[in-house]
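Here the structure comes first, spelled out in structure tokens, and everything after it is commentary.
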Amino acid sequence: MEMWYHYPMLVLIGFVVGFINTIAGGGSLLSLPFLIFLGLPPAVANGTNRVAIVIQTFMATMGFRSKGVSTFPFNTYVGLSATVGSVIGANIAVSIDESLFNKILAIIMVVVIAIVVLKPKMELKDLTEKVSGKSLWQGVIVFFFLGIYGGFLNAGIGFLIILYLHYAHNINLVRTNATKVFVVLLYSLAALAVFIYNDKVDFKIGLILAIGNALGAWISSRLSVKKGDGFIRTFLVIMVGILAIKLWFFEV
């Protein structure tokens with residue numbers, strides 16, 4: 100049973116999570132443990148977290164659009180593909196082996212940071228976005244599998260989406276983040292529906308958490324557009340390093 104002081108803590112954690120998720124990813128690795136700390140079973144914590152993610156990504160999408168940043172229609176095609184995958188992932192979310200999962204995800208985080216650090220930085224003038232033809236179909240296939248993971252747990256998926264869009268489709272980091280939050284919004288709606296159907300959502304806690312998520316997402320979406328790729332790249336490297344250490348040495 101949560102105490103009164105848990106509510107402002109939920110809002111504060113939600114703000115941090117919304118900020119982190121919009122610019123980089125991995126915020127759910129903060130919110131999920133806290134929801135479990137409040138006494139929610141892991142599956143209910145997973146489902147409840149989706150309430151905040153849906154509202155967070157909606158606000159972030161509006162924030163990017165207010166700055167004129169969008170990759171339509173590419174984001175819609177890959178988003179719909181991810182949505183189909185998320186339904187599959189959400190339906191198997193109750194059978195997670197947390198310890199093994201944490202180790203695997205930690206390895207993924209190390210790979211991500213290695214690529215971000217070691218790959219030569221692309222100059223914006225050299226970037227030609229690949230968002231149509233074969234590249235579009237490649238994206239549709241990849242996002243189907245990303246959607247399965249997103250529906251399953253979602254934690255850390257922002258890193259994978261950023262990595263894929265930036266280096267496979269040559270989309271700069273600001274537009275990558277705009278695409279990411281829109282795609283996550285679409286598939287999170289479908290995943291949330293699955294969790295609701297299976298009675299795995301605590302709406303009161305989810306909506307309180309979402310207050311912070313929404314504010315953090317709005318601020319970070321607009322800030323990332325203002326600061327540009329360098330700010331996002333630095334933030335991404337720091338967060339990947341911290342989360343990889345946490346996942347390897349500490350239980351979620």
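Take the sequence shown: its letter number 136 is residue 235 in the numbering used here, and every next letter is one higher.
Heads up, the beta-carbon is just placed ideally off N, CA and C, and yes, glycines get one too.
It should be emphasised that the depicted structure is a prediction, and the values quoted were computed from it without experimental measurement.
Tell me which residues share the same chain as residue i and place their Cβ nearer than 7 Å to its Cβ, disregarding the 5 neighbours each side in the sequence.
i           : result
glycine 257 : Asn120, Ala123, Gly124, Gly125 and Lys279
Distance check for residue j and residue i, CA to CA, integer angstroms please.
i              : j                 : result
isoleucine 307 : valine 150        : 10 Å
valine 282     : isoleucine 261    : 12 Å
alanine 189    : glycine 305       : 17 Å
glycine 184    : phenylalanine 242 : 8 Å
lysine 224     : asparagine 271    : With a pLDDT of 49 at lysine 224, under the threshold of 50, the modelled position of that residue is not reliable, and no figure is offered here.
tyrosine 248   : serine 287        : 11 Å
valine 153     : alanine 289       : 10 Å
valine 209     : leucine 264       : 18 Å
glycine 232    : proline 172       : 13 Å
valine 186     : glutamate 228     : 29 Å
proline 140    : valine 193        : 10 Å
tyrosine 104   : valine 239        : 44 Å
Helix, strand or coil for residue i? Go by DSSP, reduced to three states.
i              : result
threonine 227  : coil
methionine 161 : helix
valine 183     : helix
isoleucine 112 : helix
proline 357    : This structure does not reach residue 357, given that the chain is present from 100 up to 351, and the question cannot be answered.
asparagine 253 : coil
tyrosine 104   : coil
threonine 170  : coil
histidine 268  : coil
lysine 299     : coil
methionine 221 : The predicted model places methionine 221 with a pLDDT of 49, which falls under 50 and marks its position as unreliable; any figure quoted below should be read in that light. In this structure, methionine 221 counts as coil in the three-state DSSP scheme.
glycine 117    : helix
alanine 309    : helix
alanine 151    : helix
glycine 124    : coil
Please list, in chain order, all residues of the same chain as residue i whose beta carbon is under 6 Å from its beta carbon, the five residues on each side excluded.
i           : result
leucine 285 : Gly178 and Thr182
lysine 57   : Past the edges of the chain, shown from 100 to 351, lies residue 57, and the structure says nothing about it.
lysine 118  : Rather than lysine, the amino acid found at residue 118 in this sequence is phenylalanine. For phenylalanine 118, where only same-chain residues beyond five positions count, the Cβ hits under 6 Å are Gly315 and Ser319.
Relative to the C-alpha of residue i, which residue among the options is closest?
i              : options                           : result
methionine 161 : Ile337, Ile344 and Ala313         : Ala313
histidine 268  : Phe244, Ser234, Tyr248 and Met158 : Ser234
arginine 164   : Ile247, Leu291, Val115 and Arg274 : Arg274
isoleucine 191 : Tyr106, Ile112 and Phe294         : Phe294
valine 115     : Leu128, Trp103 and Thr170         : Leu128
glycine 255    : Met108, Leu109, Met102 and Ser130 : Ser130
threonine 156  : Gly113, Gly138 and Val186         : Gly113
leucine 109    : Ile344, Ile337 and Ile310         : Ile310
Just reading off the alpha helix (DSSP H) that residue i is part of, what are its end residues?
i              : result
tyrosine 286   : 272 to 296
isoleucine 191 : No alpha helix (DSSP H) contains isoleucine 191, which DSSP labels as neither H nor E.
Go through its chain and collect everything with a Cβ distance to residue i's Cβ below 8 Å, but skip five positions before and after it.
i             : result
glutamine 237 : Ala267
glycine 250   : Gly184, Ser185, Val186, Ile187, Gly188, Ala189, Asn190, Ala192, Tyr286, Ala289, Ala290 and Val293
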